[in-house]
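Below you'll find the structure, written out as structure tokens, and then a few comments.
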Amino acid sequence: MCSESVRAVTLCTIFMLRGHLLTLVGPLIKKNTTHMRIPLSPAERLTITLRLLASGDKQQSLRLAYRHGRTTVCHTIRETCRAIWQALKDVYLRPPNSSDDWKEIARGFYDHWDLPHCVGSIDCKHINMKYPNNSGSMYYNYKGFFSLVLMAICDSHYNFTLVDIGNYGSNNDSGFLSHSDMGRALDDGSIN
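When we follow numbering that gives the first Met the number 0, the leftmost residue of the sequence shown carries the number 0, and every step to the right adds one.
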């Protein structure tokens with residue numbers, strides 16, 4: 000297959016996925032037209048957000064590329080990210096509900112990785128952030144920058160099973176787990 004046809008198939012797939020995501024998220028991010036303003040369309044709001052998430056660009060470059068104000072881009076990204084989470088969390092990030100689900104995950108780890116009695120692979124990622132006002136050193140991590148922590152547990156197929164977002168960067172890995180809803184649920188047995 001030539002490179003142009005591979006590129007065409009890739010672009011077609013991207014547009015189909017964006018369209019599917021727009022059908023799920025669009026109703027949550029649609030704004031009403033008022034006599035004061037004509038709002039951004041859900042498609043444009045989603046496009047701006049996906050470009051930021053995919054490229055890691057700064058919001059200033061998005062403002063210039065799409066010719067929107069700083070506040071508009073900031074609110075658009077925040078609201079659209081919340082809507083994406085709301086629309087997708089129950090579909091793609093369902094925690095195991097029963098002991099049978101956990102046994103299936105353990106079976107996957109044993110079959111694929113030869114790890115008996117393993118129900119997840121856990122890791123944390125520090126997400127760089129701007130210094131929050133009046134936070135002291137709570138968000139300042141051992142790597143030398145301010146961060147929030149994303150902690151996730153995956154199954155043997157690299158699918159997320161549990162996620163916790165928002166811990167202080169100053170905690171250590173065991174602190175992240177013990178202070179998270181996920182860690183408390185594992186300790187008290189409420190997660191089966």
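Heads up, the beta-carbon is just placed ideally off N, CA and C, and yes, glycines get one too.
Just so we're clear, the structure is a prediction, and the values are computed from it rather than from any experiment.
Cys117 and His125 have their C-alpha atoms spaced approximately 25 angstroms apart. Cβ atoms of Leu23 and Leu87 come within 8 angstroms of each other, at about 7 angstroms. A distance below 9 angstroms separates the beta carbons of Met181 and Val162. One thing to note: Asn191 has its Cβ no nearer than 9 angstroms to the Cβ of Ser40. Residue pairing from DSSP places Asn166 in a beta bridge opposite Val148. Counted as a single uninterrupted DSSP element, the alpha helix (DSSP H) harbouring Asp100 occupies residues 98-112. For Thr160, the three-state secondary structure derived from DSSP is strand. When the alpha-carbon of Gly143 is set against those of Gly174, Tyr130, Thr33, the nearest one is in Tyr130. Shortest Cα-Cα distance from Ala64 to any of Cys80, Ile47, Gly55, Ile76 involves Ile47. Counted as a single uninterrupted DSSP element, the beta strand (DSSP E) harbouring His125 occupies residues 120-127.
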